[in-house]
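Protein chains: 2
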Amino acid sequence: MTSISPAPRPLFSELLPAEFTGNLSFLLARTRQDLAEEMDAVFDGDGLGIRHYAILSLLFRRGGLRQTDIAAVMSLDRTTTMKVMDELEGRGLLQRSRHSEDRRANAIDLTEAGRAWRERHMNRVLEQEQRFLSSLTPGERTLLQELLLKLVSGVHQRRNADHHED
Amino acid sequence: MTSISPAPRPLFSELLPAEFTGNLSFLLARTRQDLAEEMDAVFDGDGLGIRHYAILSLLFRRGGLRQTDIAAVMSLDRTTTMKVMDELEGRGLLQRSRHSEDRRANAIDLTEAGRAWRERHMNRVLEQEQRFLSSLTPGERTLLQELLLKLVSGVHQRRNADHHED
DNA sequence: TATTGTTATACTCTATAACTATA
DNA sequence: TATAGTTATAGAGTATAACAATA
Numbered sequence: 139m140t141s142i143s144p145a146p147r148p149l150f151s152e153l154l155p156a157e158f159t160g161n162l163s164f165l166l167a168r169t170r171q172d173l174a175e176e177m178d179a180v181f182d183g184d185g186l187g188i189r190h191y192a193i194l195s196l197l198f199r200r201g202g203l204r205q206t207d208i209a210a211v212m213s214l215d216r217t218t219t220m221k222v223m224d225e226l227e228g229r230g231l232l233q234r235s236r237h238s239e240d241r242r243a244n245a246i247d248l249t250e251a252g253r254a255w256r257e258r259h260m261n262r263v264l265e266q267e268q269r270f271l272s273s274l275t276p277g278e279r280t281l282l283q284e285l286l287l288k289l290v291s292g293v294h295q296r297r298n299a300d301h302h303e304d
Numbered sequence: 139m140t141s142i143s144p145a146p147r148p149l150f151s152e153l154l155p156a157e158f159t160g161n162l163s164f165l166l167a168r169t170r171q172d173l174a175e176e177m178d179a180v181f182d183g184d185g186l187g188i189r190h191y192a193i194l195s196l197l198f199r200r201g202g203l204r205q206t207d208i209a210a211v212m213s214l215d216r217t218t219t220m221k222v223m224d225e226l227e228g229r230g231l232l233q234r235s236r237h238s239e240d241r242r243a244n245a246i247d248l249t250e251a252g253r254a255w256r257e258r259h260m261n262r263v264l265e266q267e268q269r270f271l272s273s274l275t276p277g278e279r280t281l282l283q284e285l286l287l288k289l290v291s292g293v294h295q296r297r298n299a300d301h302h303e304d
């Protein structure tokens, strides 16, 4: 390297706060991507990821959902949901059966293996989340999740309202 | 089981808070996607989007960046950055010139058209952001951005530290 | 040897369109 | 007519590999 130190190479830490405070889209995209990359480490190897974990957690709390329900909550297309269901069913982590009240629909439930898989990954998921949040205080971590939840719920309510105006 | 009315179809607003509080990956992914969809409305028509706006804003505050600098800040691959630069240069919004201190590198600067484009879209970007944030109080909106900025900076510092350990 | 920009190529993710069986 | 699941296909976005110029 040079001794007299030429023009300083712009550093990430120098540019980021100055340029992007207020740029919510960037901050959200970057945060999501950073976390996604770190979450990959938890699941490395078996071809499943944090999305599969989230769906199994959803089914853990409430079984018998239709694929369209899962699609709505996860904000996925029907066909994308189909693919994810195939991946999970192919590994024996959930099962599709006939819905008792609508024979067009599937009723999706966890299998015992699915419950075990979720339980086996749960601690590492939570650890990785906390590691990702380590630059925030405990209070800030809770607050962040509350704010995000408010936003997601707010968007959903607003879109429902718009839809009912038709 | 239910009495008379058929089993209630699980509502988004019913499932979301119960199942996903604590699922940071889901909340971040969902929030980012919701905002991205709403931001599309601002740019509909010209093939550019919020990412282009962010890059032009970065260059507005600090010109003469290399493509690798932009790639680092935006967390993009070199080749992806290349494509985005082509899109912006093709519309005359930025220009590539020889870097004065490293002849391998490009120095990227806004053109006048680029400055105008950014200015023309700025108000609608900010409006859409505020609309997206409308379920939060003003204080919460500021706080959210601060928390996200802390997280992104924290991840960056941690990765740099890891890297220097090699 | 390593880095910058570039090109060509491959891969991943997701959505669109069309079909079937039910409602 | 509309909806749930399914399948095949196409598109967007991104990364990998290789090369030339320069450090």
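Chains as they are written, first to last, in our numbering: chain V, 139 to 304; chain C, 139 to 304.
Even for Gly, the Cβ is constructed at its ideal location relative to N, Cα and C.
- Proximity of V:Thr169 to chain C, defined by a Cβ-Cβ separation below 9 Å, is satisfied.
- Within the segment 216–230 of chain V, no residue places its CB atom closer than 9 Å to a CB of chain C.
- The C-beta of V:Leu285 comes closer than 9 Å to at least one C-beta of chain C.
- With respect to chain C, the C-beta atom of V:Ala210 has a partner C-beta closer than 9 Å.
- Following the DSSP letters along the chain, one finds C:Ser195 inside the alpha helix (DSSP H) bounded by residues Ile188 to Arg199.
- Going by DSSP, V:Asn161 is part of no alpha helix (DSSP H) at all; its letter is neither H nor E.
- Fully enclosed alpha helix (DSSP H) runs of no fewer than 4 residues occupy 250–270 of the segment 235–293 of chain V, in order along the chain.
- Listed along chain V are Leu154, Leu165, Arg168, Thr169 and Asp172, each with a C-beta nearer than 7 Å to that of C:Val290.
- Membership of C:Asp215 in any alpha helix (DSSP H) is not indicated, and neither H nor E is assigned to it by DSSP.
- DSSP places V:Leu173 in the helix class (H, G or I) of the three-state scheme.
- DSSP places V:Leu153 within a helical segment (H, G or I) once states are collapsed to three.
- Within the segment 243–259 of chain V, no residue has a Cβ lying closer than 7 Å to any Cβ of chain C.
- Three or more Cβ pairs drawn from the segment 190–198 of chain C and the segment 226–240 of chain C lie within less than 8 Å of each other, which places the two stretches in contact.
- Inter-residue distance for V:Gly292 and C:Asp172 is about 10 Å (C-alpha atoms, whole angstroms).
- Partner residues in the beta bridge of C:Leu203, as assigned by DSSP, are C:Ile246.
- Within the DSSP secondary-structure output, V:Gln233 pairs in a beta bridge with V:Asp247.
- Taking 9 Å as the cut-off, the Cβ atoms of V:Glu225 and V:Leu186 count as close.
- Around the beta carbon of C:Asn161, a 10 Å sphere encloses 16 or more other beta carbons of the protein chains shown; the residue is thus reported as buried.
- Not one beta carbon of chain V lies nearer than 9 Å to the beta carbon of C:Leu232.
- Taking a contact as a CB-CB distance under 8 Å, the pair C:Arg200 and V:Pro148 counts as one, their CB atoms being some 6 Å apart.
- Shown here, C:Asp184 sits in coil according to DSSP, grouped into three states, outside any helix or strand.
- By the rule that beta-carbons nearer than 9 Å mark a contact, V:Pro276 does not touch chain C.
- Listed along chain V is no residue with a C-beta nearer than 7 Å to that of C:Arg241; the closest approach is about 14 Å.
- Only residues of its own chain outside the window of five on either side were considered, and among them Arg279 have a CB closer than 7 Å to the CB of V:Leu271, listed in chain order.
- Using beta-carbon distances, V:Arg296 counts as an interface residue toward chain C, with a partner under 9 Å.
- Comparing alpha carbon positions, the residue from V:Arg236, V:Ala167, V:Glu284 and V:Asp178 closest to V:Gln205 is V:Arg236.
- The three-state secondary structure of V:Arg168, taken from DSSP, is helix.
- Burial is judged here by how many other beta carbons sit within 10 angstroms of a residue's own beta carbon; C:Asp240 has fewer than 16 and is exposed.
- Annotated as proximal: V:Ser163 and C:Arg170, with beta-carbon spacing under 9 Å.
- Under the Cβ distance rule, V:Asn261 does not count among the residues neighbouring chain C, no pair being separated by less than 9 Å.
- Selection V:Leu289, V:Val290, V:Asp300 and V:Glu265 evaluated against V:Ala179 yields V:Glu265 as nearest (Cα-Cα).
- Using a 10 angstroms sphere on the CB of C:Asp300, the tally of other CB atoms stays under 16, which defines it as exposed.
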